[in-house]
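In my numbering, each number is its position in the sequence shown, counted from 1, plus 21. Think of the CB as a built atom: it goes at the ideal place given N, C-alpha and C, for glycine as much as any other residue. Only one structure is covered here, and it is reproduced in the block below.
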Amino acid sequence: MALQFPNIDPVIVSFGPFELFGQTFHPALRWYGFMYLVGFMAAMFLLNRKADRSHGLWSREQVSDLLFYAFLGVILGGRIGYVLVYHLDYFLADPLYIFKITEGGMSFHGGLVGVILAMLYIAYKQQRSFFAVADIVAPVVPIGLGAGRIGNFINGELWGRVTDLPWGMVFPSGGPLPRHPSQLYQFALEGVALFILLQWYSRKTDKRGAVSGMFLLGYGIFRCVAELVRQPDPQLGFFLGDITMGQILSVPMIIFGIYLLVRKAPANTPVKGKQ
């Protein structure tokens, strides 16, 4: 017997309607956006604690600067990546679609590119090596990833393929047949498991780029595994049999992650009084 989707209201609280410049607005606080806030606050807490214990290598002000640009990179990169990879047709028909965030649509891989650009800027601004920044950021990223997957589940989106397993779930937008709750699988893998792995590994090594490499390898593998049961976006479908776009985009992460882990590199040491 299949499980029924709990049908949680995706809106926590709504305001309005408000009239402004002849337009009617219905602002609302949604669970999906709230999950991003949870991930951001948790990352701030952990990075501030790491800064307090860094013996002057990092300050809370520098962490705040890093988080601001990283969060900007997640939002802009995630949205632009989603539109260009998954809905380029919508964008070509209506370029303003890229601003319609309330209609949903964020890409992890696009967000990753945005965060990489943000870390490059912070490394330049604070006179650090890129991996000195990336290695401190990587262990906290799974919190945001896990929170985002819970947001996907509450929205009843990004469900999995049809299954006859006892925990298969009937989603309102997924038809009458039970499906894998793949959002919860990804929460467990990309959120919980990856967080534990990176917390353990970051205490085990100080090799420059190694923690970033473990993040890329771990996420890439976990994402490829989850994609085995996740329903691909209908406008894209499968490639070369049963391969999905998520797997295609994750393979380069796995390859580069392995490279960072096996290459010879110095430790993350202070440079000019900074890390």
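Buried versus exposed call for residue i [16 or more other C-beta atoms within 10 Å across all chains shown]
| i | result |
| --- | --- |
| GLU211 | buried |
| HIS130 | buried |
| GLU325 | Only positions 22 to 296 of the chain appear in this structure, which leaves residue 325 out of reach. |
| ARG251 | buried |
| ILE276 | exposed |
| GLU248 | buried |
| PHE92 | buried |
| LEU198 | exposed |
| ARG284 | exposed |
| PRO255 | exposed |
| PRO202 | buried |
| PHE89 | exposed |
| GLY77 | exposed |
| ALA288 | exposed |
| LEU270 | buried |
Alpha carbon of residue i to alpha carbon of residue j, nearest angstrom
| i | j | result |
| --- | --- | --- |
| SER35 | MET62 | 22 Å |
| VAL59 | ARG224 | 24 Å |
| ILE217 | GLY267 | 23 Å |
| ILE143 | LEU87 | 6 Å |
| ARG70 | ALA64 | 10 Å |
| ALA286 | GLY230 | 8 Å |
| ARG244 | PRO163 | 12 Å |
| ILE279 | PHE151 | 18 Å |
| LEU261 | PRO48 | 43 Å |
| ASP115 | LEU68 | 40 Å |
| GLN296 | ARG74 | Only weak support exists for where GLN296 lies, its pLDDT of 46 falling under 50; the value from the coordinates is given anyway. Cα to Cα, GLN296 sits roughly 13 Å from ARG74. |
| GLN207 | LEU113 | 31 Å |
| ARG81 | MET56 | 23 Å |
| TYR222 | THR45 | 51 Å |
| MET274 | ASP263 | 20 Å |
| SER128 | THR226 | 30 Å |
| ILE96 | ILE119 | 12 Å |
| LEU141 | ILE157 | 13 Å |
| GLY135 | SER85 | 17 Å |
| LEU186 | TYR145 | 51 Å |
| GLY239 | GLY196 | 32 Å |
| GLY172 | VAL272 | 25 Å |
Under the three-state DSSP convention, the category residue i falls into
| i | result |
| --- | --- |
| GLN148 | coil |
| VAL191 | strand |
| GLN25 | strand |
| ALA49 | strand |
| PHE259 | coil |
| SER35 | strand |
| VAL250 | coil |
| ALA288 | strand |
| GLU178 | coil |
| ARG229 | coil |
| LYS293 | Per-residue confidence for LYS293 stands at a pLDDT of 44, beneath the threshold of 50, marking its modelled position as unreliable; no derived number is given. |
| ARG200 | strand |
| TYR280 | helix |
Whole-number beta carbon distance between residue j and residue i, since they are thought to touch under 8 Å
| i | j | result |
| --- | --- | --- |
| GLY102 | GLY54 | With a Cβ gap of about 18 Å, GLY102 and GLY54 do not count as contacting. |
| GLN204 | LEU179 | 6 Å |
| LEU281 | GLY241 | With a Cβ gap of about 12 Å, LEU281 and GLY241 do not count as contacting. |
| GLY94 | LEU138 | 6 Å |
| PRO38 | ARG51 | In fact, because the Cβ distance is near 16 Å, the residues do not count as touching under 8 Å. |
| ARG200 | VAL183 | 6 Å |
Close-in-space but distant-in-sequence residues of the same chain around residue i (CB under 7 Å, 5 per side omitted)
| i | result |
| --- | --- |
| PHE259 | PRO253, THR265 |
| PHE26 | GLY177, MET190, VAL191, PHE192, PRO193 |
| PRO160 | LEU219, GLN220, SER223, VAL232 |
| ILE33 | LEU50, ARG51, TRP52, PHE55 |
Same chain, Cβ closer than 8 Å to residue i, neighbours up to 5 away in sequence not counted
| i | result |
| --- | --- |
| ASN28 | GLY177, PRO193 |
| VAL213 | PRO163, GLY167 |
Chain B contact for residue i (CB, 8 Å cutoff)
| i | result |
| --- | --- |
| LEU87 | Here there is only one protein chain, and chain B is not present. |
Chain-order list of residues whose beta-carbon lies under 6 Å from that of residue i (same chain, five-residue window excluded)
| i | result |
| --- | --- |
| GLY126 | TYR103 |
| TYR107 | ASP254 |
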